[in-house]
Amino acid sequence: MSQAFTHKQTKRLIYRACLRAESCTTAVTFIGFYRLSRHALSEWCNE
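Residues 8 to 54 in my numbering are what the sequence shown lists, from first letter to last.
Given below as structure tokens:
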């Protein structure tokens, strides 16, 4: 069973979001969210 998003797809989504971001803060928020979700995903997959 594959994950909903591959690492590549997620990076592309984040990259696109950062391009659209109106401020640095938004980009930082996206990166922080990305790191958090990656951590949660890896823990969830390890169960």
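Virtual Cβ for every residue (Gly too), placed ideally from N, Cα, C. Note that the coordinates shown come from a computational prediction; the quantities given were computed from them, not determined experimentally.
C-beta atoms of residue i and residue j nearer than 8 angstroms
| i | j | result |
| --- | --- | --- |
| T13 | Y41 | no |
| A24 | F37 | yes |
Kindly provide the ranges of any alpha helix (DSSP H) runs that are 4 or more residues long and lie completely inside the region 15 to 40, ordered along the chain. Taken in chain order, the region 15 to 40 contains no complete alpha helix (DSSP H) segment of 4 residues or longer.
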